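Structure record follows, encoded as structure tokens.
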Amino acid sequence: MFDSLSSKLTGVFSSLRSRGKLSNSDIENICTDIKSALLESDVALSVVDSFIELIREKSLAALPTLQSGTNQAQAIFEIVNAELTQILGGAARRIRIAKNPPTVIMLAGLQGAGKTTLAGKLAKFYLDQGNTPILVASDLQRPNAVTQLQVVGESVGVPVFAPEPGNGVGDPVKVAEQAIVFAKSKLYNMVIVDTAGRLGVDEELMQQAKNIRDAVKPDEILFVVDAMIGQDAVRTAKAFQDGVGFDGVVLTKLDGDARGGAALSIAELTGKPIMFSSNGEKLTDFDIFYPDRMASRILGMGDVATLAEQAKKALNNESSAKLEEKFARGDDFTLEDFLEQLEAMSKMGSMSKILGMLPGSGAMKKQIENFDESEIVRTKSIVQSMTPLERRDPKVLNGSRRARIAIGAGRKVQDVNSLVDKFSAAQKMMRQMRNGGGMPPAMAQSMGMPAGMRSGQTATHKAQQQPKKKSKSGNPAKRAAEERE
Ligand code: GDP
538 MFDSLSSKLT GVFSSLRSRG KLSNSDIENI CTDIKSALLE SDVALSVVDS FIELIREKSL
598 AALPTLQSGT NQAQAIFEIV NAELTQILGG AARRIRIAKN PPTVIMLAGL QGAGKTTLAG
658 KLAKFYLDQG NTPILVASDL QRPNAVTQLQ VVGESVGVPV FAPEPGNGVG DPVKVAEQAI
718 VFAKSKLYNM VIVDTAGRLG VDEELMQQAK NIRDAVKPDE ILFVVDAMIG QDAVRTAKAF
778 QDGVGFDGVV LTKLDGDARG GAALSIAELT GKPIMFSSNG EKLTDFDIFY PDRMASRILG
838 MGDVATLAEQ AKKALNNESS AKLEEKFARG DDFTLEDFLE QLEAMSKMGS MSKILGMLPG
898 SGAMKKQIEN FDESEIVRTK SIVQSMTPLE RRDPKVLNGS RRARIAIGAG RKVQDVNSLV
958 DKFSAAQKMM RQMRNGGGMP PAMAQSMGMP AGMRSGQTAT HKAQQQPKKK SKSGNPAKRA
1018 AEERE
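Quick note on numbering: the sequence shown equals residues 538 to 1022 in the numbering used here.
Put into structure tokens, the structure is as follows:
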């Protein structure tokens, strides 16, 4: 979403880093460049003006105290990073949990903003944390909104309170009120109320939302806004703030490629934090919004913290402990371990999303966009067609075994060869790492990740060299025995 903003800002800082001592006029130039990058990305003018003023003031004040060289550029970068984090809301805030359950969360926003989808995502998120949420179908206007919520609820395993059919039938305020009574009596500790939106802001919509708000007294009203609607996002946010009031913002459709700067202005202009972000249609395409992590991404430093969290979630404790133990014992990283990692990786979402969180990903945008997601599936199918022995010891992979694997996986022998070669190189690097080298990007490399994305590596790294050809046993009986394993 913020790719073009990110690549412009990264450009500003990379040219700054190559400079020697910075002067006041350099600071002015940086401010002009940052300002135009923000405006081109649709960030609201008033937000840009006050942001640039702060950057200018702080940078000019810091300059005389800084040594010349990269220190200066780094210091200016840190000032921009800190101020960008502030614009995005400063510190992350979590949902307030009611002292007396249930905690009531009401979703408000225009039709199509993504409220119903978000309701499911929130329900899953809180369910996974050990809560007992219910979803409430108070959007009785939009065609099929009730059914959509029921489908979403079913897919995440959360009950849906939907006594009315919707499609214009039923009283949404009564439904919300009854839902609270129901949740209390059945001891559900969280109630997520989906409300109706309209295509534009109108009085009837605001009044209905206000009535629901007054009836259920939510602990949190979340304003849900489609980040792709440009400056309308800011106007709509202000209208909802005046009309209904809200406690936090959820940005949806951050996976889109439109200029999303307007959405970045919302926290600053409304004084309400962005609490969650939604970046796809799947129920797992959902994150807590951390202003510092988003600032880091926008400035081209990636979001390694989120990546690490996702990896931890995907690679369950047992398998990561097993891998660590193996590693400590000095055992080799095998294709079996590799397969486990591939499976964990698939759970983390698409490869482009994962790659997009790495530092410097802005510069690799093209490669990331062109990353062939099915490559992982193909790689998996090759490893799955191997016998346990072959996975543990790829050295046994002679020509006929490779041909058998290729047929099993529906691939060419060259594909099998290429995977085995890359894996052997990765395995070699794992050994080097154990002997004191850096972290090898084994998985990344084995899956054909763009060379520039692999930390500490270049495309001409050893990994690309062909390992020596293995000799087959000359003894036909021994060879046949090997192949049977
Ligand atoms: P509502 O009218 O506010 O309840 O909006 P919906 O939840 O029905 O969402 C409207 C459309 O946007 C649906 O087609 C959703 O699948 C889609 N959608 C919701 N959130 C996202 C998102 O984060 N990214 C993308 N690409 N689509 C989304």
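Just so it is clear, CB atoms sit at the ideal spot from N, CA and C, and this is done for glycine as well.
Source: prediction; values computed, not measured.
Alpha helix (DSSP H) segments (min. 4 residues) lying fully within the stretch 744-814: DSSP runs (the alpha helix (DSSP H)) wholly in the stretch 744-814: 769-780 and 798-807.
How about residue 687: is its Cβ closer than 8 Å to a heavy atom in ligand 1? no
Could you tell me how far apart the beta carbons of residue 870 and residue 967 are, in whole angstroms, since I believe they sit closer than 8 Å? 4 Å
Answer with buried or exposed for residue 802, where buried requires no fewer than 16 other C-beta atoms within 10 angstroms of its C-beta. Here residue 802 is buried: its Cβ has 16 or more other Cβ atoms, across all protein chains shown, within 10 Å.
Residue range of the alpha helix (DSSP H) that residue 645 falls in? Careful: residue 645 lies outside any alpha helix (DSSP H), inside the beta strand (DSSP E) at 640-645.
Confirm, please, whether the CB-CB distance from residue 693 to residue 820 is below 9 Å. For residue 820 and residue 693, yes; Cβs fall inside 9 Å.
By alpha-carbon positions, which one of 608, 643, 727 and 601 ends up nearest to residue 663? 727
Can the beta-carbon of residue 953 be found closer than 9 Å to that of residue 926? no
Can you determine whether any heavy atom of ligand 1 sits closer than 8 Å to the C-beta of residue 648, and answer yes or no? yes
Return the Cβ separation of residue 784 and residue 809 in integer angstroms, given the expectation that the two are a contact with Cβ distance under 8 Å. 6 Å
Do residue 761 and ligand 1 come close, with the Cβ less than 8 Å from some heavy atom? Residue 761: yes, Cβ under 8 Å from ligand 1.
Proximity test, residue 582 beta-carbon vs ligand 1 heavy atom, cut-off 8 Å: no
Chain-order list of residues whose beta-carbon lies under 6 Å from that of residue 955 (same chain, five-residue window excluded): none
Residue 672 bridges to which residues according to DSSP? 697 and 729
Out of 788, 790, 799 and 943, point me to the one whose CA is closest to residue 582's CA. 799
Are three or more beta carbon pairs between the stretch 826-840 and the stretch 619-626 nearer than 8 Å? yes
Using DSSP bridges, identify the partner residues of residue 825. Per the DSSP secondary-structure output, residue 825 pairs in a beta bridge with 813.
Could you tell me how far apart the beta carbons of residue 945 and residue 911 are, in whole angstroms, since I believe they sit closer than 8 Å? Actually they do not touch by this definition, with Cβ atoms about 18 Å apart.
Going residue by residue through the stretch 906-933, where are the continuous beta strand (DSSP E) segments of at least 3 residues, counting only ones entirely within it? none
Taking only three categories from DSSP, how would you classify residue 584? helix
Which residue's Cα is closest to the Cα of residue 818: 918, 572 and 655? Nearest C-alpha to residue 818: 655.
Is the beta carbon of residue 919 closer than 9 Å to that of residue 942? yes
Starting from residue 937, trace the alpha helix (DSSP H) in both directions and tell me its first and last residue. 936-946
How big is the Cα-Cα spacing for residue 651 and residue 752? 23 Å
My guess is that residue 672 and residue 690 are in contact by the Cβ rule of under 8 Å, so how many angstroms apart are they, rounded? Contact flag correct, Cβ pair sits at about 5 Å.
Could you work out which residue in 560, 649 and 696 is closest to residue 613 when comparing CA atoms only? 560
For residue 651, which three-state DSSP category applies? Taken through DSSP and simplified to helix, strand or coil, residue 651 comes out as coil.
Please state if the CB of residue 713 and the CB of residue 638 are separated by a distance shorter than 9 Å. Result no, Cβ atoms of residue 638 and residue 713 do not sit closer than 9 Å.
Any idea which residues DSSP pairs residue 703 with across the strands? 706
Quick one: using the 10 Å Cβ neighbour count with 16 as the cut-off for buried, is residue 543 buried or exposed? When all chains shown are included, residue 543 counts as buried.
Residue 547 versus residue 754 - alpha carbon distance: 44 Å
So for residue 738, helix, strand or coil by DSSP? coil
Give me the Cα-Cα distance between residue 587 and residue 615, rounded to the nearest whole angstrom. 17 Å
Measuring alpha carbon to alpha carbon, tell me which of 608, 626, 907 and 573 ends up nearest residue 805. 626
Mind checking residue 757: buried by the 16 CB within 10 Å criterion, or exposed? buried
Below 8 Å on the Cβ atoms is my guess for residue 549 versus residue 646; work out the distance and round it to an integer in Å. Incorrect: roughly 34 Å between the Cβ atoms, too far for contact.
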